[in-house]
Amino acid sequence: MSQKAPRRKSAVTTQRAVAVRGRSADVGRGTPSPSPWSLGEGQQIPWEYAPAPESRDIVALKSRYGLFIGGKEVAPRGGQWFTTVDPATEEPIAEIARATVKDVDQAVGVARKAFKRDWSTLPGSERAKYLFRIARILQERSREFAVLESLDGGKPIKESRDVDVPLAAAHFWYYAGWADKLEYAFPGRNPGPLGVAAQVIPWNFPLLMLAWKIAPALAAGNTVVLKPASSTPMSALFFADVCRQADLPAGVVNIITGPGEIGLALVKHPDVDKVAFTGSTAVGKEIGRAVAGTNKALTLELGGKAANIIFDDAPIDQAIEGVINGIYFNQGEVCCAGSRLFVQESIAGPFIERLKDRLSTLRVGDPLDKNTDVGAINNAAQLAKIEELVEAGVAEGCDIYQPACELPARGWFFRPTLFTNVAQSSRIAQEEIFGPVLSVLTFRTPAEAVEKANNTAYGLSAGVWTEKGSRILSMVSKMRAGVVWANTFNRFDPTSPFGGYKESGFGREGGLHGLLAYLDLDGGH
Ligand code: NDP
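Just so you know, we're using the working numbering here: the sequence shown kicks off at 1 and counts up by one.
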């Protein structure tokens, strides 16, 4: 069974695209000549980079990966497997175990035993040693993890190499430091672990989300059962090997793979004390309902529709880079992506022109090429969702711009896209697209910017660009977003809490807040 559907070329979509645009049916899919939406002449880079692919040889792949339960790789009880696919080539990478409910039960039971027997009884300084060891091994194996992450997820190697893997290691370093200082972190309290944590993570930052969840859980003395997304299980399974290499006591970390229903079985398991989920708002709500009425602690990190606000006194060069990084980083498959750009009306014309120029220099293609800026969309269903929303934007009368770049013939790719003439009520200004698609709107006054920025069901992140510190502080205090970046965007640090309001979920990950989510402040021995 494959979790990634084959590439979709439905007649329905094709006809609809034709009807919408009256020309090519292949929305953002790489027609070899400039698309009718591109600026055309003068917008292409006049020269080409030579290919600079990172070698795949550093990753030793097996043909099959079982579940990681009790420190061992075990076959799934149902004897079923599914295939994980390279989104850039649509080639299979490996077969992955499809866990059953019995496997979930076994993993939770093993995690409970390891909690009682080993992990909760170890002094914090001993737990810290394991976390430091894991951090160091991740750093030592960083090139291998970077290649693996790009192979399985489609993200550019320069991002997995410079962001995902170093940040994942940094989370283990950071939380290792807290493991023996919990009573200093929460003075006057008696902090202790919650027990067994069930953790379900998405496909956009597989290793990083694993680190955000496992590092604070272990530092606080919990044991975990983690389910990665079915389209990106590889780095979690390689992390199992890191746990073995670090001599982590068996059962402290368990990795189970399988579809969403297995994630649901895991979070519903009666012997789980804490549930942590990152993913779509719809699934987050389902998990919220499943956990309601139990004693389980819950944190939900869900979707977003972040506003990136550019005032006319902003440092323009930096702001252009910040907008590009805000929405095209990781193909826009980022919960906190700056997908709504608000530009002050007085500078909107020239700012948008410069943005288009910059867009046309982005290199889309092989994720393993070190020069690639925008890699492959993670899975066929996600590509279909992006196409559908882009078509909706065109149908609603928004003006689309896509640079005339050529996309690879195979794989799930989408052109970086920018919409102007967007209404607040437009679907592309309201719904999370989770792709390389920017909606540009304008404003005149700070009050109008706040009003428009907050006009969303989400509340995860935002950005403000201005040279005035007082304006930054004023805007930050008025925006309903868990994270507000000032004169930067998509900056992450293990010491800094991250999380949302409204449909973006609740609870914080990172920093002391992230530690607190795995502690009972009166539960110490
Ligand atoms: P999901 O929320 O479906 O998947 C996230 C994780 O939850 C995966 O491990 C998935 O497993 C698992 N899961 C799926 N259904 C359930 C369930 N009923 N109970 C428990 N766990 C479940 O995200 P999608 O992959 O479907 O993406 C859909 C949309 O969600 C995207 O287009 C994007 O808008 C948003 N999204 C937001 C993310 C964020 O960081 N905020 C991350 C990913 C997506 P499996 O992979 O096996 O289905």
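Ideal placement from N, C-alpha and C gives every residue a C-beta, glycine not left out. Model, not experiment: these values are computed from the prediction.
Q199 sits in a strand when the DSSP states are folded into three classes.
Relative to the ligand NDP, V272 has its C-beta separated by 6 Å or more from all heavy atoms. Under the DSSP definition of a beta bridge, E301 partners with T278, G505.
Within the same chain, and ignoring the five residues on either side of A211 in sequence, the residues whose Cβ sits closer than 7 Å to its Cβ are A168, H171, F172. According to the DSSP secondary-structure assignment, R340 is paired through a beta bridge with A307, S439. If you look at A176, you'll find it in the alpha helix (DSSP H) that goes 165–178. Per DSSP, the unbroken beta strand (DSSP E) holding P92 starts and ends at 91–97. The DSSP-derived three-state label of E48 is coil. Judged by DSSP in its simplified three-state form, N330 adopts helix. Relative to the non-hydrogen atoms of the ligand NDP, the Cβ of E432 comes within a distance shorter than 6 Å of at least one. Judged by the Cβ position, N204 qualifies as a neighbour of the ligand NDP at the 6 Å threshold, a heavy atom of the ligand being closer than this. Here I96 is near P233, since their CB atoms are less than 7 Å apart. At least 7 Å separates the beta-carbon of V225 from that of A297. For V483, the secondary structure class from DSSP, reduced to helix, strand or coil, is strand. Cβ neighbours of T100 within its own chain (closer than 7 Å, five residues either side excluded): P76, R77, G78. Contact between G459 and G500 holds, since their C-beta atoms are separated by about 5 Å, short of 8 Å. Beta-bridge annotation (DSSP): Y65 is paired with I96.
One Cα belongs to G263, the other to N308, and the distance between them is close to 33 Å. Within the model, the alpha-carbon separation for L359 versus S496 is close to 30 Å. Taking the C-beta atoms as reference points, I400 is found no nearer than 7 Å to Q331. In the structure shown, L237 adopts helical secondary structure according to DSSP, grouped into three states. Residues M479, R480 of the same chain have their beta carbon placed closer than 7 Å to that of N454, with the five preceding and five following residues left out of the count. Between the ligand NDP and P259, a heavy atom-to-CB distance of less than 6 Å is present. Per the DSSP secondary-structure output, D369 pairs in a beta bridge with P53. In the structure shown, G322 adopts helical secondary structure according to DSSP, grouped into three states. Note that the segment 462–479 does not touch the segment 146–155; fewer than 3 beta-carbon pairs, one per stretch, sit closer than 8 Å. If you check the C-beta of C336 against the ligand NDP, you find no heavy atom less than 6 Å away.
Counting along the chain, no alpha helix (DSSP H) covers V364, and no H or E run does either. G251 and A240 have their C-alpha atoms spaced approximately 11 Å apart. In this model, P228 and L362 are separated by some 30 Å (Cα to Cα). The continuous beta strand (DSSP E) containing W81 extends over residues 81–86.
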